[in-house]
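Input: a single structure, listed below in structure tokens.
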Amino acid sequence: MSFASPMIQEQANMPEPAAAAAKVAARNVNVYYGEKHALKDVSVDIPVRAVTSFIGPSGCGKSTFLRCINRMNDTIPICRVTGDITIDGKDIYDSRLDVVLLRARVGMVFQKPNPFPKSIYENVAYGPRLHGMARSKTELDEIVVNSLKRASLFEEVKDRLQESGTGLSGGQQQRLCIARAIAVSPEVILMDEPCSALDPIATAKIEELIDELRSNFTIVIVTHSMQQAARVSQRTAFFHLGSLVEEGSTEQIFTNPKDKRTQDYITGRFG
Amino acid sequence: MTQHIVRAYDEELGALSVKINQMGGIAEAMLTDAIDALVRHDVGKARGVIERDGQLDALQNEIEELAVLVIAKRQPMANDLRHIMGTIRIASDIERIGDLMKNIAKRVTVMEERFIGTRSLAGIQHMAHLVLGQVKAVLDGFAQKSSDLARHVWLHDGEVDQLNNSLFRELLTYMMEDPRSITFSTHLLFIAKNIERAGDHATNIAETVFFIETGQQLSGPRPKGESSVFAVSAPGK
Ligand SMILES: Nc1ncnc2c1ncn2[C@@H]1O[C@H](COP(=O)(O)OP(=O)(O)OP(=O)(O)O)[C@@H](O)[C@H]1O
Ligand SMILES: [Mg+2]
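So the sequence lines, in the order shown, correspond to chains V and W.
Numbering-wise, our numbering puts 83 at position 101 of the first sequence, and it's gapless, one number per residue.
Numbering-wise, our numbering puts 568 at position 114 of the second sequence, and it's gapless, one number per residue.
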């Protein structure tokens, strides 16, 4: 029996509010690791001055896609990337592009903390010095302290800035990497599960930082916490088996996803 | 619906639905019995209705506590979250239906017997029958996860309003004809209004069920009964 009525407002068919201007635009991106087709035809716009989260089961290609955005995949010999990725409309796979500069514009925080085997101070100072961002030692000190503060690590390390970064706890190392990433004021910040090793308080501080950075930067965060994605991001993209299944406003993805695979994943059901 | 990976989660959601079902069963029985008590002037039965209200309150509390616990433990998303929030709302609507029936039953315990038998009682019975049908249908809609059934209930709310309006005119005529019937008729007016409001709660539940199942709001115009010019408000519960 059917009671179909034209009176029902079909909200699902209403167009999504237009996303803000795209900072990063990916078109038909495919990634192969040797024979393995890890990312399949991904096209997505990542809006400027907003947080976009990538969610999806382990091995679905989130980190792979993230690494395409700052050409980290170039460092993996068997990795092959096809398709187009632009930042501000400029092809980042252009052979004339300076990859070092690109990586200064597109900072990254990795899934596993990877501080340089140098002092805490040097970890953060390295980038700004490399890019000539400080004219004096005082200015450099300021950048280092500020970055450590924003990553909510300063209080814990202020008395041992000359000690090795690798001597910190896992969660502290991750915050050090965040400080290192933001020290060069990148335009785009890619974060691969930045809070997976952090306690709830440090996590809350990082989320607060992300929220603060959002007004000036474009942020992409990979997270396995649905709540975190719901809290920090405005857009959410769901990946599954190498494909981008659904992308939309975070509110829509978490309250009323269109694709059954998305719904099964975010509600913890068997896919 | 595919099962959750964590089986206990399915059990908790299932427990919420079971409690809604229990509440629905009690509220339906209260409605039937309250009208029965009125028509037969069965004060004993009316007292039974009054007593059962406590069961609804207790179940509503259990639902709220369980819902809060599930939210805290599982951080539900999407349809699960709608289900849990919807359950809380439905429980509150059913609890209100129970209050309205308790109010009817209280009136029965103080009404004079000598006017029983007026034709108006037939009108009230008819209204109650319609509302009972709405409540049953919408709770079936909840149990069967049927947005169609919910929409059906939502679209048929107008009949009850219409009946209430014609009943109002009828009772007004009686009161003018025979002022001695004013007290009794006034009770009937309030009772009719209570039944109508129970129908409104069935409509609320329909909206909730539709939202749970589709994530969308039922909205837009629908066939409404003549709007009541003579708004009658019931005394406090
Ligand atoms: N360096 C590599 N060499 C070969 N295969 C790789 C490499 N890196 C990733 N892969 C494969 O590509 C697929 C996608 O991996 P990716 O690391 O992008 O997943 P992910 O979504 O980030 O998963 P997780 O949530 O576990 O971090 C996987 O099947 C993985 O095994
Ligand atoms: Mg990864």
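Beta carbons: idealized from backbone N, C-alpha and C, even for Gly.
Query raised in the report: Going by the beta-carbon positions, is the gap between L593/W and E482/W smaller than 9 Å?
Result: yes
Query raised in the report: Does at least one heavy atom of ligand 1 sit under 8 Å from the Cβ of G65/V?
Result: Distances from the CB of G65/V to the heavy atoms of ligand 1 are all 8 Å or more.
Report task. Please list, following the chain, all residues that have a C-beta closer than 7 Å to any non-hydrogen atom of ligand 2. Result -> K44/V, S45/V, Q93/V, D174/V, E175/V, V204/V
**Report entry** Residues that DSSP places opposite V6/V in a beta bridge
**Finding:** I28/V, I69/V
Query raised in the report: For M630/W, is the classification buried or exposed, using 16 other Cβ atoms within 10 angstroms of its Cβ as the cut-off for buried?
Result: exposed
**Report entry** Rounded distance between the beta-carbons of V614/W and A591/W, thought under 8 Å
**Finding:** A591/W to V614/W, Cβ: 13 Å. No contact.
Query raised in the report: What is the rounded straight-line gap between the Cα of L467/W and the Cα of R243/V?
Result: 21 Å
Query raised in the report: In angstroms, rounded to a whole number, what distance separates the CA positions of S45/V and G224/V?
Result: 11 Å
Query raised in the report: F47/V: beta carbon under 8 Å from a heavy atom of ligand 1?
Result: yes
**Report entry** Rounded C-alpha distance that separates S264/V from A165/V
**Finding:** Chain V is shown only over -17 to 253; residue 264/V falls outside these bounds and no answer can be derived.
Requested in this report: May I ask you to report which of helix, strand or coil DSSP gives T244/V?
Outcome: helix
Query raised in the report: Any Cβ of chain V within less than 9 Å of the Cβ of Y463/W?
Result: It does: the Cβ of Y463/W has a partner Cβ on chain V nearer than 9 Å.
Query raised in the report: Less than 9 Å separating the beta-carbons of A32/V and T200/V?
Result: yes
Query raised in the report: Who are the neighbours of H251/V on chain W, taking C-beta pairs under 8 Å?
Result: Here residue 251/V turns out to be Arg, not His, going by the sequence shown. Per Cβ cutoff of 8 Å: M455, T456, Q457, H458, I459.
Query - Inter-residue Cα distance where the pair is I37/V and F221/V - result: 6 Å
Query raised in the report: Terminal residues of the continuous beta strand (DSSP E) containing G230/V?
Result: 225 to 231
Query raised in the report: What residues in its chain sit with their C-beta under 8 Å from that of Q245/V, if we drop five residues either side in the sequence?
Result: Non-local C-beta neighbours of Q245/V in its own chain, meaning closer than 8 Å and more than five positions away in sequence, comprise P239, R251, ordered along the chain.
Query raised in the report: Between G147/V and K100/V, is the Cβ-Cβ spacing less than 9 Å?
Result: Contact flag set, yes.
Query raised in the report: Can you tell me whether DSSP reads Y103/V as helix, strand or coil?
Result: helix
Requested in this report: Just list the beta strand (DSSP E) runs in the region 175 to 235 of chain V, keeping only unbroken ones of 3 residues or longer that don't cross its boundaries, in chain order.
Outcome: 200 to 204, 217 to 222, 225 to 231
**Report entry** Residue span of the beta strand (DSSP E) that contains V503/W, given as start and end
**Finding:** Where V503/W is concerned, there is no enclosing beta strand (DSSP E), although the alpha helix (DSSP H) it sits in stretches over 497 to 528.
Query raised in the report: Would the beta-carbon of L195/V fall within 9 Å of that of V91/V?
Result: no
**Report entry** Contact list for Q209/V against chain W, beta-carbon separation under 8 Å
**Finding:** Q529
Requested in this report: Mind listing, in chain order, the continuous alpha helix (DSSP H) runs of no fewer than 4 residues lying wholly within the region 538 to 611 of chain W?
Outcome: Counting whole runs of 4 or more residues, the region 538 to 611 of chain W contains the alpha helix (DSSP H) stretches 574 to 597, 601 to 609.
Query raised in the report: When burial is assigned at 16 or more other CB atoms within 10 Å of the CB, is T662/W buried or exposed?
Result: It is buried - the Cβ of T662/W has at least 16 other Cβ atoms within 10 Å.
Query raised in the report: Considering only residues of the same chain and omitting the five flanking positions on each side of T486/W, which have a CB-CB separation below 7 Å?
Result: L586
Requested in this report: Tell me whether S40/V counts as near ligand 1, meaning its Cβ is closer than 8 Å to at least one heavy atom of that ligand.
Outcome: Answer for S40/V: yes, Cβ within range of ligand 1.
Query raised in the report: What residues from chain W crowd round D308/V, counting only those whose CB sits closer than 9 Å?
Result: No information on residue 308/V is available, as it lies outside the stretch -17 to 253 that chain V covers here.
Query raised in the report: Do we get a CB-CB distance below 9 Å when we pair A481/W with the residues of chain V?
Result: no
Query raised in the report: Does ligand 3 have a heavy atom nearer than 8 Å to the CB of G224/V?
Result: Looking at this structure, you won't find ligand 3 anywhere; what it does contain is ligand 1 and ligand 2.
Report task. For Y15/V, verify whether its CB is less than 8 Å away from any heavy atom of ligand 1. Result -> yes
**Report entry** Supposed contact pair R157/V and A133/V - C-beta distance, whole angstroms, cut 8 Å
**Finding:** 5 Å
Requested in this report: Kindly confirm or deny that the region 57 to 77 of chain V and the region 136 to 151 of chain V touch, where touching means at least three C-beta pairs closer than 8 Å.
Outcome: no
Query raised in the report: Would you report the Cα separation of R111/V and V126/V, rounded to the nearest angstrom?
Result: 11 Å
Report task. Counting only the same chain and skipping the five closest in sequence on each side, list residues whose C-beta sits under 6 Å from that of G595/W. Result -> L603, A604, V663
Query raised in the report: N238/V touches chain W at which residues, Cβ-Cβ below 9 Å?
Result: Within chain W, the residues near N238/V are A532, N533, R536, T668, G669, Q670.
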